[in-house]
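Per this note's numbering, the very first residue in the sequence shown carries number 3; after that it's consecutive.
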Amino acid sequence: MALALSPPRVPKPKSALPLHYYESFLEKKGPRDRDYKKFWAGLQGLTLYFYNSNRDTKHVEKLDLGGFVKLTDEAPWGNSHDPSTHFCLVLRNQEIKFKVESLESREMWKGFILTVVELRVPSNLTLLPGHLYMMSEALAKEEARRALEMPLCFLKVSRLEAQLLLERYPECGNLLLRPSGDGTGGVSVTTLQTLNGKPVVRHYKVKREGAKYVIDVEEPFSCTSLEAVVNYFVSHSNKALVPFLLDEDYEKVIGPAPPKDGPKQLPPTSIMPAPSQDKLPPLPDQDNNYVIPIGDTPSASYVNEDVPSPSRPVVPKPRRLAKPQAKLPKPPTVSKSEPKGLNSGPARKLAASSAQAFSPTTGLADVTAELEEKLQRRRALEQAAERMADQWVHLQAPHASQADPSSQN
């Protein structure tokens, strides 16, 4: 009689051990500790985690390296042990002393700590090529981790788009983080405040120095993260500045709304400077009747003298139209064939090119709508001026023929 086979035993699932850039045994002595205490330690990001055993998955202590100042090799005073197995971690608010098993272990811990806080592999330590390779891998992981940890008010928009977002959605906030645009991978801060009843837009540059972010103001201020940069502006403005949080109901692309049940709207085109043209003739009733397109201001508008990249296009500011004259100047006597040239001359071409330069395809729905209305008025005035010129020529033609003796013969 065959015996019934028992089902195979399935091992109990074990909880995954935490992933660290580097881990080993480490003896720690804090400012309030009387003696060293041995832990299994692991470095992940800018945090040191301490475990009772190398099999534990939950840490019992942790140490934030955000306030890192320096590392030293000095052994405690009055200690007769080998100083090569001791090092001290100096933070902004405390000093932590460590003891390791060997010189190699000390150099490894120092190397990994310096790699994550300075975002570079140190070159002044006693390390083997394999150790340096391990630190370069940890550096790549740390850079990828920080790239994902962006504040909610950080948007990948240009300087112009940041200004338009703050102006269009003031209820969402008035402080926005964006890429600096100078090709260095830095960050800029754009703010919008109302001063004396007028909206004032300011731009601040934030420089990256190792693991710190330095706000370039009169007295540069360093922060350990972009969240700290945001908190700096909020606190120093007495909470007048509020981080910009765009709701999901709002559009994240600045441009005209696509028509319902129609083809998809193409993405907004980049704003390019209009080609240089000759000056247009002055038109009547046009004083103060224009809109200045919003564009990237020059470097002087940066609060901390941010220099924009020369590769970025700048929207030129149109010149102010001249005041209308009391009377139209009397046109010179011309032949009958010249009125035809008025319809195909430079004035009409300039008007057409000007209309193309300020076409709504720039993607600025609100601004271009008003510009289009102004251009329509301007075209109407141009057409009226052309009609007046044609009438004037026709009236002067008989007088010119009578004054010409050759026409009588």
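Note that the Cβ used here is the ideal one computed from N, Cα and C, for glycine as well.
These numbers come from a predicted model, not from an experiment.
- Query: Could you check where the alpha helix (DSSP H) with Gln165 kicks off and where it finishes?
  - Reply: By 1-based counting over the sequence shown, the position of residue 165 is 163. Residues 161 to 170.
- Query: Which value, in whole angstroms, describes the spacing of the CA atoms of Arg381 and Asn176?
  - Reply: In the sequence shown, residue 381 corresponds to position 379, counting from 1. In the sequence shown, residue 176 corresponds to position 174, counting from 1. When rounded, the distance between both Cα atoms is 38 Å.
- Task: Could you spell out the range, first to last residue, of the beta strand (DSSP E) harbouring Ala43?
- Result: Here residue 43 refers to the residue found at position 41 when the sequence shown is read from its first residue. Start and end: 39 to 46.
- Expressed to the nearest angstrom, what Euclidean distance is found between the alpha-carbon atoms of Thr74 and Thr87? What you label residue 74 is simply residue 72 of the sequence shown in a count that begins at 1. What you label residue 87 is simply residue 85 of the sequence shown in a count that begins at 1. Looking at the two C-alpha atoms, the distance is approximately 12 Å.
- Task: Find out if the Cβ-Cβ distance for the pair Ser25, Gly44 is shorter than 8 Å.
- Result: Within the sequence shown, numbered from 1, the residue matching residue 25 stands at position 23. Within the sequence shown, numbered from 1, the residue matching residue 44 stands at position 42. Checking the sequence, you will find Glu at residue 25 rather than Ser. Contact: yes.
- Task: Pick out whichever of Arg147, Arg108, Thr192, Glu151 has its Cα sitting closest to the Cα of His133.
- Result: Your numbering for residue 133 matches position 131 in the sequence shown. Nearest option by C-alpha distance: Arg108.
- Item | Exposure of Ala242, with buried meaning 16 or more beta-carbon neighbours within 10 Å | Stepping through the sequence shown from its first residue, residue 242 is reached at position 240. Result: exposed.
- Message: Please identify the residue among His22, Thr226, Asp218 whose C-alpha is closest to the C-alpha of His205.
- Response: As a first step, residue 205 must be located in the sequence shown, where it is residue number 203. When each option's Cα is compared against that of His205, the closest is Asp218.
- Do you know offhand how far Pro191's Cα is from Leu197's? As a first step, residue 191 is located in the sequence shown; it is residue number 189 there, counting from the start. As a first step, residue 197 is located in the sequence shown; it is residue number 195 there, counting from the start. Checking the sequence, you will find Val at residue 191 rather than Pro. In a straight line, the C-alpha of Val191 is about 18 Å away from that of Leu197.
- Query: What does a CB cutoff of less than 8 Å around Asp58 pick up in its chain, not counting 5 residues either side in sequence?
  - Reply: Position 56 of the sequence shown, counted from the start, is the residue given in the question as residue 58. Excluding sequence neighbours, Asp58 sits near Trp42.
- Message: If the criterion is Cβ atoms closer than 8 Å, does the pair Leu179 and Val189 meet it?
- Response: Position 177 of the sequence shown holds residue 179. Position 187 of the sequence shown holds residue 189. Their beta carbons are under 8 Å apart, which means Leu179 touches Val189 by this criterion.
- Straight-line CA distance for Gly113 to Ser237? On the sequence shown, residue 113 is found 111 positions in, with the first residue counted as 1. On the sequence shown, residue 237 is found 235 positions in, with the first residue counted as 1. Their Cα atoms are separated by approximately 35 Å.
- Task: Check the DSSP bridge columns for Leu50 and list the partner residues they point to.
- Result: Sequence index remark: in the sequence shown, residue 50 carries index 48 (1-based). Partner(s): Leu45, Leu65.
- Message: As a quick exercise: from Arg94, Leu377, Met137, pick the residue whose alpha carbon is nearest that of Leu46.
- Response: Within the sequence shown, numbered from 1, the residue matching residue 46 stands at position 44. According to the sequence shown, residue 46 is Gln rather than Leu. Taking only the C-alpha atoms, the option nearest Gln46 is Met137.
- Any idea if Leu21 is buried or exposed, counting beta-carbon neighbours within 10 angstroms, 16 or more meaning buried? Taking the first residue of the sequence shown as 1, we reach residue 21 at position 19. Classification for Leu21: exposed.
- Message: Taking 8 Å as the threshold (C-beta atoms), are Glu169 and Leu194 in contact?
- Response: As a working note, residue 194 is residue 192 in the sequence shown. As a working note, residue 169 is residue 167 in the sequence shown. Yes, Cβ-Cβ distance for Leu194 and Glu169 is below 8 Å.
- Item | Inter-residue Cα distance where the pair is Gly185 and Val203 | Indexing the sequence shown from 1 puts residue 185 at position 183. Indexing the sequence shown from 1 puts residue 203 at position 201. Rounded to the nearest angstrom, the two C-alpha atoms are 23 Å apart.
- DSSP three-state assignment for Tyr215, whether helix, strand or coil: For the purposes of this step, residue 215 is identified with residue 213 of the sequence shown, where counting begins at 1. Three-state result, Tyr215: strand.
- Quick one: residues in its chain with C-beta nearer than 6 Å to the C-beta of Pro245, no 5 flanking neighbours on either side, listed in chain order? Stepping through the sequence shown from its first residue, residue 245 is reached at position 243. Correct list, in chain order: Cys155, Gly175, Leu177, Val232.
- Query: In this structure, does DSSP put Tyr24 in helix, strand or coil?
  - Reply: Counting from 1 along the sequence shown, the entry for residue 24 is found at position 22. In the structure shown, Tyr24 sits in a strand (DSSP, three-state: E or B).
- Going by beta carbon distance, what residues of the same chain come within less than 8 Å of Asn54, once the five residues before and after it are set aside? For the purposes of this step, residue 54 is taken as residue 52 along the sequence shown, with counting starting at 1. Here the set comprises Phe41, Trp42, Val62.
- DSSP on Thr128, reduced to helix/strand/coil? Residue mapping note: residue 128 aligns to position 126 of the sequence shown, counting from 1. In the structure shown, Thr128 sits in coil (DSSP, three-state: anything other than H, G, I, E or B).
- For the beta strand (DSSP E) holding Lys99, just list the boundary residues, first then last. Counting from one through the sequence shown, the residue named residue 99 turns up at place 97. Looking at the DSSP string, the run of the beta strand (DSSP E) that includes Lys99 is 97 to 101.
- Item | Contact set for Asn95: own chain, Cβ-Cβ below 8 Å, skip 5 residues either direction | By one-based count along the sequence shown, residue 95 stands at place 93. Gly69, listed in sequence order.
- Which residue's Cα is closest to the Cα of Lys31: Asp392, Glu97, Val119? Within the sequence shown, residue 31 is the residue found at index 29, counting from 1. Per the Cα distances, Glu97.
- Query: Considering only the beta carbon of each residue, do Pro181 and Leu228 sit closer than 8 Å?
  - Reply: Against the sequence shown, residue 181 aligns to sequence position 179. Against the sequence shown, residue 228 aligns to sequence position 226. Result no, Cβ atoms of Pro181 and Leu228 do not sit closer than 8 Å.
- Note down the Cα distance separating Val119 from Thr49, rounded to an integer number of angstroms. Within the sequence shown, numbered from 1, the residue matching residue 119 stands at position 117. Within the sequence shown, numbered from 1, the residue matching residue 49 stands at position 47. Taking the straight line joining both Cα atoms gives about 10 Å.
- Query: Which class does Lys1 belong to by DSSP, given the choice of helix, strand or coil?
  - Reply: With the chain covering 3 to 411 only, the question about residue 1 has no answer from this structure.
- Expressed to the nearest angstrom, what Euclidean distance is found between the alpha-carbon atoms of Lys376 and Leu383? If you number the sequence shown from 1, residue 376 lands on position 374. If you number the sequence shown from 1, residue 383 lands on position 381. In a straight line, the C-alpha of Lys376 is about 11 Å away from that of Leu383.
- Item | Whether Val92 touches Lys72 by CB criterion (8 Å) | Start at 1 with the first residue of the sequence shown, and residue 92 comes out as number 90. Start at 1 with the first residue of the sequence shown, and residue 72 comes out as number 70. Yes, the pair counts as a contact, with Cβ atoms nearer than the cut-off.
- Query: So who's on the other strand from Cys225, going by DSSP bridges?
  - Reply: As a position in the sequence shown, residue 225 is number 223, starting the count at 1. DSSP, once it has assigned bridges, lists Tyr215 as partnering Cys225.
- 8 Å Cβ shell around Pro201 - same chain, five flanking residues per side excluded: What you label residue 201 is simply residue 199 of the sequence shown in a count that begins at 1. Counting only Cβ-Cβ distances below 8 Å, and skipping sequence neighbours, we find Glu169, Leu194, Gln195.
- Message: Measuring straight from C-alpha to C-alpha, what distance separates Val123 and Asp35?
- Response: Your numbering for residue 123 matches position 121 in the sequence shown. Your numbering for residue 35 matches position 33 in the sequence shown. Taking the straight line from one Cα to the other gives about 32 Å.
- Task: Decide if Thr117 is buried, meaning its Cβ has at least 16 other Cβ atoms within 10 Å, or exposed.
- Result: Residue mapping note: residue 117 aligns to position 115 of the sequence shown, counting from 1. Buried, because 16 or more other Cβ atoms sit within 10 Å of the Cβ of Thr117.
- Query: Can you list, in chain order, the residues of its chain whose CB lies under 6 Å from that of Ser278, leaving out five sequence neighbours each side?
  - Reply: Indexing the sequence shown from 1 puts residue 278 at position 276. Confidence at Ser278 is low in this model, with a pLDDT of 40, below 50, so the placement of that residue should be treated as unreliable; the coordinate-derived value is given next. Once the five neighbours on either side are set aside, Ser278 has no close Cβ partner at all.
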